[in-house]
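Visitor: I'd like to ask you about the structure that follows.
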Ligand code: ADP
Ligand code: ZN
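Residue numbers (the working numbering): 1212 to 1931.
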């Protein structure tokens, strides 16, 4: 009958490395695995991404017999089985998506003892005609244990109650003595108790991991007319997959369309789409064919894509618990990821209105309280992580430094001096201009209009170069909000000073501003340009291999693993085997191909040493990365593809670099003859009106070319 075969490995760690390529267990994983190996029942509560699957997968491989995994969703099963197969592990699933022949052949393999893990949906497991098969399996091969995934589905108090789950206790009487492991990401005590009771777990080992997700950055941003622009900027600046949640189907369609028009590979997902379309969109997201999923909350449960880099709530989340779960779909692989809520009071009224429509008063009250909690979260100035964990009864003693409130504590920085600069610039411009112009003057812009107005002669010209335009804009808006400045409202917003403005200028008032995160660039981790260049190539290679096998890219290697390759540059199979995430099977299957790619890259870059990573060249700076790739001989199109950015963004970088005389040659990009023609048009029309220049030059000239030449034109004008 069942016994363990750990003897084949000197330690559990050795088995972990062999099958999964990891060196260490995460907190609670080892305890859970030991419980299962000791034939004990256990309940594992871990947040999404905590590594629950391993708790039953590794014991399954170390014991004789088959481990039965109950999983509620077909898509989820398929993904898990693919990932296991890719690690060389014999796993399979039985569900309604298979035809009879296929199902029979899988059953046959199981009865031959060829399969270690069997995934089934609860309906099937409990159906009359499955029972005899299960009994035969037990007699012929042995059952090592049951793993009940998403175990909160047994509880009406959980967020995904499934009545079939209630029947699972029948396994208890029919297969007494076979250990049962329940797993969930739902944190509340109430649900935990329910699981233990409903599944009739016997003296279970209860293992609760912390719900803190240290790799997630939490922030709340104001929702206003600029919100879409900010969203777009965020999506462009983060390299990787993301989910944008909206409340209504209409909003989903609208945002998806706008993003598509702005060159972002985005798709919609909501209950109003035909099933086929939905499944196809989800598949394309998981396979990295599209980068962004715009979705209602219908999208999520069952998405175990580990490398989601951002989750945005464009509209207010319903409850704090649902926010935790939805935002928790980011960064399951443990790499940095970003969670943003856009918060505006208009949404609050919408939600309040919806609550008023509810027929039941008790329901209304609960919903109101939940709304209140969400608003408190959004408005709060204390650590956002502390609020979330507190909600689950977990106490975080220190603030986290990975949320906007910790990074940019309020009350805020003293911006009095900047405010004086800003207001005095408004005064020098005789209170006749808007925000953009004032900022241009402060930052010493070379725009023609500024010279025409002789505003480059003002004493405030160029005194604000040390701050970005975005920072000045935030300051300006904050001054308006605080009543320290006014703006005309007749459609041509012109900034005007008021009595309070003069108090600031006379140093009678100080000014404090909260600078939100995001302006500083939403950098997710710092990497060198070389590393980024290689990472992009390894991702492309991974995508090709995954497509050839028809599996999602992360099944080949996770992002964490690719990142480590890009850092360590393994150029031999030995070195490659030491990368976390490279197990014996993957070494055999992919080692050679990846080592070749890395070696080729190192050759091109002139990197010789195998073990030592190259010194970081430029960190973070997006322009520097573009420059680097350009200097490696990539065309703008290639750079755009490597960086997963729009071509127009790359052109803007190149144009800025040309303007700053920073390593980019215009002659490489636009032929001298064409430069001359464009230059002449720029001289006539000025640099501000690209549309007019384009009209003048005709269709034979592109905006991109004009922008590049304009970079050079600006530099020449500044220098002259
Ligand atoms: P959950 O089911 O709890 O949401 P998963 O089981 O999908 O989480 O695991 C999340 C990610 O963490 C996966 O990419 C998995 O390969 C990885 N992982 C799990 N355990 C470890 C470990 N001990 N070391 C490194 N990575 C791990
Ligand atoms: Zn914090």
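Beta carbons: idealized from backbone N, C-alpha and C, even for Gly. Since the model is a prediction, treat every value here as computed from it, not as a measurement.
(1) How long is the line joining the alpha carbons of residue 1339 and residue 1307, rounded to whole angstroms?
(2) Helix, strand or coil: which one does DSSP assign to residue 1813?
(3) What number of angstroms, rounded off, separates the C-alpha of residue 1846 from the C-alpha of residue 1919?
(4) Within the same chain, show all residues whose beta-carbon is closer than 6 angstroms to that of residue 1324, passing over the 5 residues directly before and after it, in chain order.
(5) State the beta-bridge partners of residue 1614 as determined by DSSP.
(6) Reducing DSSP to helix, strand and coil, say where residue 1415 ends up.
(7) Since I believe residue 1537 is in contact with residue 1480 (beta carbons under 8 angstroms), could you give me their beta-carbon distance rounded to a whole number of angstroms?
(8) Threshold first: 3 residues or longer. Then list the beta strand (DSSP E) segments lying entirely within the segment 1296 to 1358, N to C.
(9) Going by the CB atoms, is the gap between residue 1300 and residue 1344 shorter than 8 angstroms?
(10) Grab the span of the alpha helix (DSSP H) containing residue 1374 for me, first residue to last.
(11) Give me every residue whose Cβ sits closer than 5 angstroms to any heavy atom of the ligand ZN, in chain order.
(12) How long is the line joining the alpha carbons of residue 1555 and residue 1433, rounded to whole angstroms?
(13) Does the Cβ of residue 1263 lie closer than 7 angstroms to at least one heavy atom of the ligand ADP?
(14) I need the straight-line Cα distance from residue 1924 to residue 1839, nearest angstrom please.
(15) Just the C-alpha distance for residue 1381 and residue 1410, rounded to the nearest angstrom, thanks.
(16) Nearest to residue 1891 by CA position, among 1224, 1753, 1907, is which residue?
(17) Quick one: what does DSSP say residue 1646 is sitting in, helix, strand or coil?
(18) Quick one: what does DSSP say residue 1734 is sitting in, helix, strand or coil?
(19) Spell out the partners DSSP gives residue 1391 in its beta bridges.
(20) What is the DSSP secondary structure of residue 1925, reduced to helix, strand or coil?
(21) Tell me, please, which residues DSSP counts as bridged to residue 1653.
(22) Which one of 1874, 1801, 1803, 1810 has the shortest CA to CA distance from residue 1834?
(23) Give me the Cβ distance between residue 1720 and residue 1714, rounded to the nearest whole Å; I'm assuming they're in contact under 8 angstroms.
(24) So is residue 1626 buried or exposed if we call it buried at 16+ other beta carbons inside 10 Å?
(25) Can you give me the Cβ contacts of residue 1642 inside the same chain, cut-off strictly under 8 angstroms, excluding the 5 residues immediately before and after it?
(26) List the endpoints of the continuous alpha helix (DSSP H) containing residue 1470.
(27) Would you kindly report the start and end of the unbroken beta strand (DSSP E) that includes residue 1382?
(28) Under the criterion of a Cβ to heavy atom distance below 7 angstroms, does residue 1580 qualify as lining the ligand ADP?
(29) Run through the segment 1475 to 1534 for me and flag every whole beta strand (DSSP E) of 3 or more residues, listed as ranges in chain order.
(30) Is it buried or exposed for residue 1889, if we count other Cβ within 10 angstroms and need 16 for buried?
(31) Are residue 1328 and residue 1278 touching if we call contact CB-CB under 8 angstroms?
(32) Suppose the cutoff is 8 angstroms on Cβ atoms and the five residues either side in sequence are ignored; what does the same chain contact list for residue 1730 look like?
(33) Is the CB-CB distance between residue 1640 and residue 1616 below 8 angstroms?
(34) DSSP state of residue 1278, grouped into three classes?
(35) What does DSSP give as the partner residues of residue 1256 in its beta bridges?
(36) Rounded to the nearest angstrom, what separates residue 1534 and residue 1573 at their Cα positions?
Guide: So, from the data block:
(1) If you number the chain shown from 1, residue 1339 lands on position 128. If you number the chain shown from 1, residue 1307 lands on position 96. Residue 1339 and residue 1307 have their C-alpha atoms spaced approximately 15 angstroms apart.
(2) Within the chain shown, numbered from 1, the residue matching residue 1813 stands at position 602. Under the three-state reduction of DSSP, residue 1813 is assigned to helix.
(3) As a position in the chain shown, residue 1846 is number 635, starting the count at 1. As a position in the chain shown, residue 1919 is number 708, starting the count at 1. The alpha-carbon atoms of residue 1846 and residue 1919 are separated by roughly 14 angstroms.
(4) Taking the first residue of the chain shown as position 1, residue 1324 is located at position 113. Only 1352 meet the Cβ criterion.
(5) Locating residue 1614 in the chain shown gives position 403, where the first residue counts as 1. The beta-bridge partner set that DSSP reports for residue 1614 consists of 1429.
(6) Position 204 of the chain shown, counted from the first residue, corresponds to residue 1415. DSSP, reduced to helix, strand and coil, places residue 1415 outside both helices and strands of the structure shown, so it counts as coil.
(7) What you label residue 1480 is simply residue 269 of the chain shown in a count that begins at 1. What you label residue 1537 is simply residue 326 of the chain shown in a count that begins at 1. So it is not a contact: roughly 13 angstroms between Cβ atoms.
(8) Fully enclosed beta strand (DSSP E) runs of 3 or longer: 1302 to 1305, 1328 to 1331.
(9) On the chain shown, position 133 is the one that residue 1344 refers to. On the chain shown, position 89 is the one that residue 1300 refers to. Contact flag unset, no.
(10) Indexing the chain shown from 1 puts residue 1374 at position 163. It is not in any alpha helix (DSSP H) - residue 1374 carries neither H nor E in the DSSP assignment.
(11) My final list is 1594, 1596, 1610, 1611, 1614, 1617.
(12) For the purposes of this step, residue 1555 is taken as residue 344 along the chain shown, with counting starting at 1. For the purposes of this step, residue 1433 is taken as residue 222 along the chain shown, with counting starting at 1. Each residue's Cα considered, the two are about 6 angstroms apart.
(13) Taking the chain shown and counting its residues from 1, the one referred to as residue 1263 is at position 52. Yes, since a heavy atom of the ligand ADP falls inside the 7 angstroms radius drawn around the Cβ of residue 1263.
(14) Within the chain shown, the letter at position 713 stands for residue 1924. Within the chain shown, the letter at position 628 stands for residue 1839. Going by the C-alpha atoms only, they are around 23 angstroms apart.
(15) In the chain shown, the residue the question calls residue 1381 occupies position 170. In the chain shown, the residue the question calls residue 1410 occupies position 199. Residue 1381 and residue 1410: Cα-Cα distance of roughly 8 angstroms.
(16) By one-based count along the chain shown, residue 1891 stands at place 680. Closest option to residue 1891, judged by alpha-carbon separation, among 1224, 1753, 1907: 1907.
(17) The sequence position of residue 1646 within the chain shown is 435, counting from 1. DSSP, read as helix, strand or coil, puts residue 1646 in helix.
(18) The sequence position of residue 1734 within the chain shown is 523, counting from 1. Here the model assigns residue 1734 a pLDDT of 29, short of 50, so the residue's position is not dependable, and the following value carries that caveat. The three-state secondary structure of residue 1734, taken from DSSP, is coil.
(19) In the chain shown, residue 1391 corresponds to position 180, counting from 1. By DSSP's assignment, residue 1391 forms a beta bridge with 1357.
(20) Counting from 1 along the chain shown, the entry for residue 1925 is found at position 714. Reduced to three states, the DSSP call for residue 1925 is helix.
(21) In the chain shown, the residue the question calls residue 1653 occupies position 442. DSSP lists no partner for residue 1653.
(22) The sequence position of residue 1834 within the chain shown is 623, counting from 1. That would be 1874, whose Cα lies nearest to the Cα of residue 1834.
(23) By one-based count along the chain shown, residue 1720 stands at place 509. By one-based count along the chain shown, residue 1714 stands at place 503. Here residue 1720 really is in contact with residue 1714; their C-beta atoms are around 4 angstroms apart, less than 8 angstroms.
(24) Taking the chain shown and counting its residues from 1, one reaches residue 1626 at position 415. With 16 or more other Cβ atoms within 10 Å, it is buried.
(25) In the chain shown, the residue the question calls residue 1642 occupies position 431. Cβ within range, chain order: 1705, 1706, 1707, 1708.
(26) For the purposes of this step, residue 1470 is identified with residue 259 of the chain shown, where counting begins at 1. 1460 to 1472 is the extent of the alpha helix (DSSP H) around residue 1470.
(27) The residue labelled residue 1382 in the question sits at position 171 within the chain shown. Per DSSP, residue 1382 belongs to no beta strand (DSSP E); it is in the alpha helix (DSSP H), 1381 to 1385.
(28) Position 369 of the chain shown holds residue 1580. Residue 1580 Cβ: outside cutoff for every heavy atom of the ligand ADP.
(29) Segments of the beta strand (DSSP E) lying fully in the segment 1475 to 1534: 1477 to 1480, 1503 to 1506, 1519 to 1524.
(30) Reading the chain shown from its first residue, position 678 is the one you call residue 1889. So residue 1889 counts as buried.
(31) Position 117 of the chain shown, counted from the start, is the residue given in the question as residue 1328. Position 67 of the chain shown, counted from the start, is the residue given in the question as residue 1278. Between residue 1328 and residue 1278, the CB-CB gap stays under 8 angstroms.
(32) Counting from 1 along the chain shown, the entry for residue 1730 is found at position 519. Confidence in residue 1730 is poor, its pLDDT being 40 and thus under 50, which makes the residue's placement too unreliable to answer from.
(33) Here residue 1640 is taken as the residue at index 429 of the chain shown, counted from 1. Here residue 1616 is taken as the residue at index 405 of the chain shown, counted from 1. No, Cβ-Cβ distance for residue 1640 and residue 1616 is not below 8 angstroms.
(34) Here residue 1278 corresponds to residue number 67 of the chain shown, with the count starting at 1. The answer is strand: DSSP assigns residue 1278 an E or B state.
(35) Taking the first residue of the chain shown as position 1, residue 1256 is located at position 45. Answer is 1395, 1419, bridged to residue 1256.
(36) Within the chain shown, residue 1534 is the residue found at index 323, counting from 1. Within the chain shown, residue 1573 is the residue found at index 362, counting from 1. Roughly 22 angstroms between the two C-alpha positions.
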